[in-house]
Amino acid sequence: VKDAGINEFDPQILPKTLIGLPSKGAQSDLTYLAANIGAFMAIAVVALVLIPAYYRQRVTTVYGLLGQRYGAAAAWTGGAAFLLGRLLGSGARLFIAGGAVAFLLSPSIESSMPLMVGAIVVMVLLALLLMAVGGMRSVIWTDVCQAGIFILAAVVVIGVLLWRIPLETAEIFHHLHRPGEGEPSKLRVFDPGFTTLDPTASYSLLAIILGLSLINLGAYGTDQDMTQRLLTCRDAKSGARSAVMAVLLAIPVTTLFMAVGMLLWIFYDRPDLMGSAGPDYDPSGNQFIFAVFIARELPMGLAGLLAAGLVAAAVSGLTSEINAMGATAMSDCYRPLVRGRSPEHYRLVLRLCVLAAGIGLAATAVICIQWQRMEAGDLIDFALGVMTFCYSGLVAVFVCAVALPGRGTNGSAVAAILTGFVAVCLMRFVPLNYLGLVSGPEPVLMSAGLAFPYQMAVATGLAMLVCMARPARHRLQVPADAA
76 VKDAGINEFD PQILPKTLIG LPSKGAQSDL TYLAANIGAF MAIAVVALVL
126 IPAYYRQRVT TVYGLLGQRY GAAAAWTGGA AFLLGRLLGS GARLFIAGGA
176 VAFLLSPSIE SSMPLMVGAI VVMVLLALLL MAVGGMRSVI WTDVCQAGIF
226 ILAAVVVIGV LLWRIPLETA EIFHHLHRPG EGEPSKLRVF DPGFTTLDPT
276 ASYSLLAIIL GLSLINLGAY GTDQDMTQRL LTCRDAKSGA RSAVMAVLLA
326 IPVTTLFMAV GMLLWIFYDR PDLMGSAGPD YDPSGNQFIF AVFIARELPM
376 GLAGLLAAGL VAAAVSGLTS EINAMGATAM SDCYRPLVRG RSPEHYRLVL
426 RLCVLAAGIG LAATAVICIQ WQRMEAGDLI DFALGVMTFC YSGLVAVFVC
476 AVALPGRGTN GSAVAAILTG FVAVCLMRFV PLNYLGLVSG PEPVLMSAGL
526 AFPYQMAVAT GLAMLVCMAR PARHRLQVPA DAA
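Numbering (the numbering used here) for the sequence shown: 76 to 558.
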């Protein structure tokens, strides 16, 4: 599979890129690009350690490695963790896509909530309908085509913004570099506090090394939906090259969409520069600012085309996502527990699992609407933060499986996956007051003083300690015909 690296631009991730990155670019600077350091650290481990191990052990799913190393219970729990992680991660991305559609239909913040819910429900229903009538193959776009459409959308919007902003290109760069008296440059990739030890800084060097690298390791190395594409390559070397290509391709795409956000900042936040060419409304602070611009500033035909592309990509991604979740739930979770039934029984269970996956994704996306507002962070940080719940335990058991062959049992691996999930829940949802660690009438969450990369690091560390607490009863046995 030659384009596995390109295919890492998952259709479910594209709406997050299209909407979340311009918002981050408008509200911040380019320091998010520094997070690629963590991606390269992770991909080195994936390419040099995990992918060769998957090919060497002849596994068809990454959780097969857990079964060989620890036992059936660990493999089952790994599959269940994947399902829960996909429910949270894909639910968050569906929320972002639904929010974008809502603001494309009506840029008014007051009307966005019911429209978001409606958009989410409609997209899930469309995905389920496509799967029910068997028309998915005729309507689904390839990942490469979808990525191309969104990149084209970014280029078109940049062109429109450059035409609308009454400044020369050199002047635009000047004002981005000097946004105001005493304000830091919006073009900086490494800020002066890059080496800070502040645990609330999400993109400091320490946060990238300790946390973001682990999140990327979870995404590229332990997530079945992402990793299965690397397992379809000719051999381990081809899979490793595809993994590296995926990270390399992400850098220019990220930069492009953040550039859109920078120009949107001038368009909306600098009326002194825009003069009479500026808009007569102020969406500053709106997380869906890119969708607002498309709806209110682009010609109706072009805006409609981009909106249709966003919906098509979201629905296309949902069909793949729901199908994968349903199949995993049936084959990896249900069938090992209920054996010896007829093929008709398993087909019925598969349909029910697919339906449950669709309903679960819709419910999670609706919950994410209020969840994201309560956390008051940007869309990218929110989408990355929800990955920590399940990736923390999965990363721990996979690292222990390949790096510590003498430690870890079936039971300790299961306990480790649960430990990672519970640890993140405690940090994000349980006030320290309730644990007797702080006093005072106001609830204090640990997450308020600990950015999501550090939450990932703490949870993974605890899960790792639990996994390696018991000596291994057996080690990975390399197949006799392994190359």
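Yeah, the Cβ is synthetic: ideal placement off N, Cα and C, and Gly gets one too.
| message | What does the alpha-carbon distance come out to for the pair L179 and G415? | response | The alpha-carbon separation between L179 and G415 amounts to approximately 50 Å.
| request: Tell me, please, whether the region 421 to 431 touches the region 126 to 136 by the rule of three or more beta-carbon pairs shorter than 8 Å. | output: no
| request: Pick helix, strand or coil for R482, following the three-state DSSP scheme. | output: Here R482 sits in strand by DSSP.
| task | Drop a sphere of 10 angstroms on the beta-carbon of W238, count the other beta-carbons inside from all chains shown, and report buried for 16 or more, exposed for fewer. | result | exposed
| field | Check whether A382 and V176 have beta carbons under 8 Å apart | value | yes
| task | Kindly indicate the opening and closing residues of the alpha helix (DSSP H) around H549. | result | Here H549 belongs to no alpha helix (DSSP H), and DSSP marks it neither H nor E.
| task | Would you give the residue range spanned by the alpha helix (DSSP H) that S317 belongs to? | result | That run of the alpha helix (DSSP H) goes 311 to 344.
| Contact check, D104 vs S277, beta carbons under 8 Å | Note that the C-beta distance between D104 and S277 is not below 8 Å.
| C-alpha gap between F527 and I492, whole angstroms | 18 Å
| field | Nearest candidate by alpha-carbon position, reference L280, set G268, N291, I290, L289 | value | G268
| request: Taking only the alpha-carbon atoms, compute the straight-line gap between P241 and L338 and give it to the nearest angstrom. | output: 12 Å
| query | Among G296, P346, A311, D347, which has the Cα closest to the Cα of V322? | reply | G296
| In chain order, what residues of the same chain lie with their CB nearer than 8 Å to the CB of G486, ignoring the 5 residues before and after it? | Taken in chain order, the residues that qualify are A148, R545.
| said: Taking the straight line between their C-alpha atoms, what separation do you get for A410 and W151? | reply: Here residue 410 turns out to be Arg, not Ala, going by the sequence shown. Approximately 10 Å between the Cα atoms of the pair.
| Should S213 go down as buried or exposed, given a rule of 16 or more other Cβ atoms within 10 Å for buried? | Because S213 sits at a pLDDT of 40, beneath the cut-off of 50, its placement in the model cannot be relied upon, and the point is left open.
| message | Could you check whether the region 387 to 398 touches the region 190 to 209, counting it as contact only if at least three pairs of C-beta atoms, one from each stretch, sit closer than 8 Å? | response | Touching, per the Cβ criterion.
| By the 10 Å Cβ neighbour count, where 16 or more other Cβ atoms means buried, how is I369 classified, buried or exposed? | Taking all protein chains shown into account, I369 has 16 or more neighbouring C-beta atoms within 10 Å of its C-beta and is therefore buried.
| said: For A366, which residues in the same chain have their Cβ closer than 7 Å to its Cβ, ignoring the five residues on either side in sequence? | reply: I94, A175, F178, L179
| How about L289 and T535: do their beta carbons lie closer than 8 Å? | yes
| query | How about A334 and I224: do their beta carbons lie closer than 8 Å? | reply | no
| query | Roughly how many angstroms lie between the CA atoms of L287 and V208, to the nearest whole one? | reply | 41 Å
| message | I'd like to check one pair, G154 with D407: are the Cβ atoms closer than 8 Å? | response | yes
| request: Identify which residue in G164, I126, F248, V231 has its Cα closest to the Cα of P374. | output: V231
| Is the CB-CB distance between V477 and V124 below 8 Å? | Cβ distance < 8 Å, so V477 and V124 count as in contact.
| message | One question on the structure: do A547 and R482 come within less than 8 Å of each other, judged by their Cβ atoms? | response | yes
| message | At the level of alpha carbons, what is the spacing between M206 and T244? | response | Distance between the alpha carbons of M206 and T244 is about 48 Å.
| said: M502 and L525 - do their beta-carbons sit closer together than 8 Å? | reply: yes
| field | Close beta carbons around I215, own chain, < 6 Å, minus the five adjacent residues each side | value | The pLDDT assigned to I215 is 43, lower than 50, so where the model puts this residue is not dependable, and the model offers no usable value.
| Separation of M405 from I364, as counted between CA atoms | 40 Å
| request: For G401, collect the residues of the same chain with a Cβ closer than 7 Å to its Cβ; drop the 5 residues on either side in sequence, then sort them by chain order. | output: L425, C428, V429, A432
| message | For a test of your reading of the model: does the CB of L105 fall under 7 Å from any non-hydrogen atom of the ligand GDP? Yes or no. | response | Inclusion of the ligand GDP in the displayed structure is not the case, the ligand content being empty and no account of it being possible.
| Beta-carbon separation (whole angstroms), V192 vs V441, contact threshold 8 Å | 6 Å
| Quick one: any contact between the region 308 to 323 and the region 106 to 120, if contact means 3 or more CB pairs under 8 Å? | yes
| Nearest-angstrom Cα separation, counted from L158 out to M539 | Computed Cα separation, rounded: 21 Å.
| query | Between L141 and V497, what straight-line distance do the alpha-carbon atoms span, to the nearest angstrom? | reply | 20 Å
| field | Integer Cβ distance of A532 from L285, believed to fall under 8 Å | value | 4 Å
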